[in-house]
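In my numbering, the protein residues as written are 6 to 101. So the structure is just underneath, and the comments pick up after that.
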Amino acid sequence: MLNGSMIPRSVRRVFDQRSEPREESETQSAVLELRGRKHVVRLVNMSAGGAMVIFPMMPHIGEEVRLHLLGRSHVTAHVRWVRDGRIGVSFAEPLE
Numbered sequence: 006m007l008n009g010s011m012i013p014r015s016v017r018r019v020f021d022q023r024s025e026p027r028e029e030s031e032t033q034s035a036v037l038e039l040r041g042r043k044h045v046v047r048l049v050n051m052s053a054g055g056a057m058v059i060f061p062m063m064p065h066i067g068e069e070v071r072l073h074l075l076g077r078s079h080v081t082a083h084v085r086w087v088r089d090g091r092i093g094v095s096f097a098e099p100l101e
């Protein structure tokens, strides 16, 4: 069970073990809702199952967020990692 504390990653990922292809999208903006507040963020990349966004705050691992994507309704997601002003989220339901 996650208790909300940060899990530091001391070693960079050597192999890309992600099963889904990522679509690079650093020019696309989105709105990330965290703890009742909305923040404009930039998408770095996105797949059907998750996204990486540039976000200077430090949300807790496992914390629920909503991501409002251009041309779509909001998507519920959970924070999976936080590092160097970027966060990775996994979507509760895969995008179509």
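We treat Cβ as the ideally placed atom computed from N, Cα and C, and that holds for glycine. Given the structure is predicted, the values throughout are model-derived calculations rather than measurements.
Three-state secondary structure (DSSP) of residue i
{"i": "histidine 65", "result": "coil"}
{"i": "phenylalanine 60", "result": "coil"}
{"i": "alanine 35", "result": "strand"}
{"i": "arginine 23", "result": "Residue confidence for arginine 23 is low, a pLDDT of 49 falling below 50, so the modelled location carries little weight and cannot support an answer."}
For residue j and residue i, the rounded distance between their alpha carbons
{"i": "methionine 35", "j": "histidine 73", "result": "Checking the displayed sequence, the identity of residue 35 turns out to be alanine instead of methionine. About 6 Å."}
{"i": "arginine 40", "j": "phenylalanine 96", "result": "17 Å"}
Range covered by the beta strand (DSSP E) that runs through residue i
{"i": "alanine 82", "result": "79-88"}
{"i": "glycine 76", "result": "Taken as a continuous stretch (DSSP letters only), glycine 76 belongs to no beta strand (DSSP E), as it is neither H nor E."}
Nearest candidate by alpha-carbon position, reference residue i, set the options
{"i": "threonine 81", "options": "Ile59, Asn50, Gly67, Met63", "result": "Gly67"}
{"i": "valine 94", "options": "Arg40, Pro64, Gln33", "result": "Pro64"}
{"i": "leucine 37", "options": "Gly54, Ile92, Glu101, Pro99", "result": "Ile92"}
Test item: CB-CB of residue i and residue j under 9 Å
{"i": "glutamate 69", "j": "histidine 83", "result": "yes"}
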